[in-house]
Structures are given as structure tokens and as C-alpha cells.
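Trainee: Just so you know, the sequence shown maps onto residues 3 to 320 in my numbering. Can you read through this structure? Questions will come right after.
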Amino acid sequence: MIYDDMENRITKLFGIEHPIVAGGMVWCSGWRLAAAVSNAGGLGLLGAGSMHPEVLREHIQKCKAATDKPFGVNFPLMYPEPEAVLQILAEEGVKIVFTSAGSPKKYTGWLHDHGMKVAHVVSSSLFAQKCEAAGVDAVVAEGFEAGGHNGREETTTMCLVPAVRRATSLPLLAAGGIASGRAMLAARALGAEGVQIGTRFALTQESSASEAYKQLGLSLQEGDTRLLLHKLAPTRLAKSTFKSKVEEMEAAGASADELRAFLGKGRAKLGIFEGNLEEGELEIGQVASQLNGRPIQTVAEVMNELLAEYSEALGELD
């Protein structure tokens, strides 16, 4: 346990060694990434948002075969086939579910009834209070630095985490803009008991994202991402022809229907999974610029760096 000087509810809740969760990212978080993070002592999540139900079942089964450590599933509540996913989670004996993009009241009771622990991702202290009322086991406070879909509040992690800490007594994970041990220590100082990391794990060897996407992510500079698609679901995107066109449309006052028509279907798959860096939707966090010039690392290498840097930063405070 890296927080060895304090009682850690996150590690106890999920039965893990280190309070580090890999975000369940679309087109990145398959069984290889989830199993690798879990085997390294964190909590790996499968990204159900980009999987048809039977594909999710396959990834759960492969993850079980690849690790004997706890892992979970990230389940966006806007998923078009929620009942099918719930059935698979129950049939496959999944023990941990992270929900997002919807009301925590909707399925938390059902998940608990089927023996699952539930964490819910929030972008405001108000939603954190709703999570506590709904009976979730933990909350993830995700600031707008994060990649992919974001809250409309556009609250930074540095502001959101202490606000959520004041608003709820639930075990708390910080997310958004975290890719180093020093950021983990900062999150702890703000009141978080662990972290959820997306972008850094999305760019590892075990991520199912394309090589082209990973290389782009490791070449981004400050300012190369923007939060766009505000009239649909605010989404942080990396530079591309698609991103530039969305910026132009939003500046010209495009309606939600016009943006939806331009977006079409399969844009995230095209960009992240298939590697079309011009026409694809390249979801990635602001923190990618801190990884500029790094090689594509293994999950084990990333975890070792996170833990070593956390310990080093903690020692500097003594």
C-alpha cells in the first residue's frame, strides 16, 4: 500500500494493494490493460462503453483468465443496451462496477443486490451528495482536465476534489489531470484517498488504442486539447481536422442537431482504435502534454514510476 501512513478505505473497499484505478476508457480499456493494472496492484477497469454486450462478456472472461486480482467494469448509464450489460455483469460474477453519465439511483440498488460494489463518477459536489443518498460505495471526482466526456460545470480537479470532500463522507477518488506520483500526492492533500488515471494508461503498450493514437498522445504540447461539443456532451479532444471543424461549427453557432449530424457514428472508434488522426474523434486528457517525448511504456513501468515518484515527493515534505 503506498499510503502506508494512513488508513485507506479505497484499498480495503476494492481489495487492492495501491489506490490507483485505471479509467474504463472507450477503445482503450480492454482485458489486457485491465488485467495488467490489476496484476500491478491497482484496479483495472474494462470500458463497456465501446463494447457490444457479448464483446464485454468475452473481455470479462479473458480478464478473469489473465489475473486473479480484483478488476471491474466501467458502465456508462447512457449505454444503449443497459439491461443486457447488467445481465452479463451478474452472470459473469463481476464484483466492482464504476458507473457514470447518469443518475446513480438508477442501478445502484440492483448492482448491490447482485453482490457488486459501486463507484460513481461525478463532476460536482451536488452529484456527490446524490451519490451518497443513492447508497454508492465510493465517488470519483473528475475535473474537466480529463479526456473524453466531461461535466458541464468545467470545474478543475484542484477545485472539485476539496468541494466533494466537504460534501460527502464517502471514499473518494480524484480524477482528471493525474499522470504522476506528485499529482497523486496533491490529490491526497486535497482529501482524496486514491486516484483514477486515464490518459497515461491509454498510452501504454497494453492499451487497445492504435499505435498512431498513442504516438500522437505522446507528442501533444500544452494547448493541443480542447473541451468541445458543448451542446451535446462536453468532450475533450486532441488536435485533428475533426477537432478544427467542430471548433469552426461551434464558433458559428451550430445547433445540437447540426453537430450531431456532423459527428455521425463511430468517430471515437475511427480515431482511437483505428488510428485515423484526421477524421477521428481523439479523446484525451490535458495531462498528455506532460508525457511529451516519452516512449510507449508497459503498465508495470508506469506503475513503478508512479509509486517511486509518490514516495520521493512525500519524502521531500518531511
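Glycine residues also receive a C-beta, built at the ideal position from the N, C-alpha and C atoms. Note that this is a predicted model, so its numbers are computed, not measured.
Where does the unbroken beta strand (DSSP E) through leucine 175 begin, and where does it stop?
Mentor: Residue numbering aside, residue 175 sits at position 173 when the sequence shown is read from its first letter. Start and end: 174-177.
Trainee: For a test of the three-state rule: what should DSSP assign to isoleucine 1, helix, strand or coil?
Mentor: With the chain running from 3 to 320 in the structure shown, residue 1 is simply not present.
Trainee: Could you tell me which of Asn76, Val39, Glu134, Arg269 sits nearest to threonine 237, measuring between CA atoms?
Mentor: Indexing the sequence shown from 1 puts residue 237 at position 235. Nearest option by C-alpha distance: Arg269.
Trainee: Indicate the three-state DSSP secondary structure (helix, strand or coil) for glycine 183 in the structure shown.
Mentor: Against the sequence shown, residue 183 aligns to sequence position 181. Glycine 183: helix per DSSP, three-state reduction.
Trainee: Please give me, in chain order, every unbroken run of the alpha helix (DSSP H) with length at least 4 that falls completely inside the region 180-225.
Mentor: 183-191, 201-204, 213-219
Trainee: Taking C-beta to C-beta, are isoleucine 321 and alanine 211 nearer than 7 Å?
Mentor: In the structure as shown, the chain begins at 3 and stops at 320. Residue 321 is therefore absent and cannot be evaluated.
Trainee: For aspartate 7, does the count of other Cβ atoms within 10 angstroms reach 16, so buried, or fall short, so exposed?
Mentor: Mapped onto the sequence shown, residue 7 falls at position 5. Because aspartate 7 sits at a pLDDT of 47, beneath the cut-off of 50, its placement in the model cannot be relied upon, and the point is left open.
Trainee: Using DSSP with H/G/I as helix, E/B as strand and the rest coil, what is arginine 11?
Mentor: Counted from its first residue, the sequence shown places residue 11 at position 9. Reduced to three states, the DSSP call for arginine 11 is helix.
Trainee: Look at the alpha carbon of arginine 168 and the alpha carbon of leucine 48, and state the distance between them as a whole number of angstroms.
Mentor: As a first step, residue 168 must be located in the sequence shown, where it is residue number 166. As a first step, residue 48 must be located in the sequence shown, where it is residue number 46. The straight-line gap from Cα to Cα measures roughly 30 Å.
Trainee: State the DSSP-derived secondary structure class of asparagine 152, mapped to helix, strand or coil.
Mentor: Your numbering for residue 152 matches position 150 in the sequence shown. Coil.
Trainee: Alpha carbon to alpha carbon, how far is aspartate 139 from proline 173? Give it in angstroms, no decimals.
Mentor: As a position in the sequence shown, residue 173 is number 171, starting the count at 1. As a position in the sequence shown, residue 139 is number 137, starting the count at 1. Cα to Cα, proline 173 sits roughly 7 Å from aspartate 139.
Trainee: Do you know how far the Cα of serine 182 is from the Cα of glycine 317?
Mentor: Indexing the sequence shown from 1 puts residue 317 at position 315. Indexing the sequence shown from 1 puts residue 182 at position 180. For glycine 317 and serine 182, the distance between alpha carbons rounds to 15 Å.
Trainee: List the DSSP bridge partners of isoleucine 98.
Mentor: Within the sequence shown, the letter at position 96 stands for residue 98. Isoleucine 98 is bridged to Lys119.
Trainee: Could you pull out every residue in the same chain whose Cβ sits closer than 8 Å to the Cβ of histidine 332, ignoring the five residues on either side in sequence?
Mentor: It is not possible to answer for residue 332, since the shown part of the chain is limited to 3 through 320.
Trainee: Nearest-angstrom Cα distance between lysine 64 and glycine 25?
Mentor: Locating residue 64 in the sequence shown gives position 62, where the first residue counts as 1. Locating residue 25 in the sequence shown gives position 23, where the first residue counts as 1. For lysine 64 and glycine 25, the distance between alpha carbons rounds to 18 Å.
Trainee: Let me know if tryptophan 33 comes out buried or exposed under the rule of 16 or more other beta-carbons within 10 Å of its beta-carbon.
Mentor: As a working mapping, residue 33 is identified with position 31 in the sequence shown. Buried, because 16 or more other Cβ atoms sit within 10 Å of the Cβ of tryptophan 33.
Trainee: Rounded C-beta distance between phenylalanine 77 and alanine 50? I'm assuming under 8 Å.
Mentor: Working through the sequence shown from its first residue, we reach residue 77 at position 75. Working through the sequence shown from its first residue, we reach residue 50 at position 48. So it is a contact: roughly 5 Å between Cβ atoms.
Trainee: Answer with buried or exposed for lysine 132, where buried requires no fewer than 16 other C-beta atoms within 10 angstroms of its C-beta.
Mentor: Along the sequence shown, read from residue 1 onward, the residue named residue 132 stands at position 130. With at least 16 other beta carbons inside 10 angstroms of its own, lysine 132 counts as buried.
Trainee: Let me make sure I understand the geometry here. Which of Gly150, Val304, Arg11, Ala130 has the alpha-carbon closest to that of valine 28?
Mentor: For this step, residue 28 is matched to residue 26 along the sequence shown. The residue with the shortest Cα to Cα distance from valine 28 is Gly150.
Trainee: Considering only DSSP beta bridges, list what proline 78 is partnered with.
Mentor: Your numbering for residue 78 matches position 76 in the sequence shown. Paired residue(s): Ser102.
Trainee: Is it a yes or a no for the region 154-169 touching the region 199-215, going by three-plus beta-carbon pairs under 8 Å?
Mentor: no
Trainee: Within 8 Å, do at least three Cβ pairs link the region 289-306 to the region 243-259?
Mentor: The answer is no - the region 289-306 does not touch the region 243-259, with fewer than three Cβ pairs under 8 Å.
Trainee: Under the assumption that leucine 220 contacts arginine 228 (Cβ atoms under 8 Å), give the Cβ distance between them as a whole number of angstroms.
Mentor: By one-based count along the sequence shown, residue 220 stands at place 218. By one-based count along the sequence shown, residue 228 stands at place 226. About 19 Å separates the two Cβ atoms, so there is no contact after all.
Trainee: So glutamine 207 and threonine 69 are supposed to be a Cβ contact under 8 Å. How far apart are they, rounded?
Mentor: Walking along the sequence shown from the start, residue 207 turns up at place 205. Walking along the sequence shown from the start, residue 69 turns up at place 67. The pair is not a contact, with the Cβ atoms about 16 Å apart (cut-off 8 Å).
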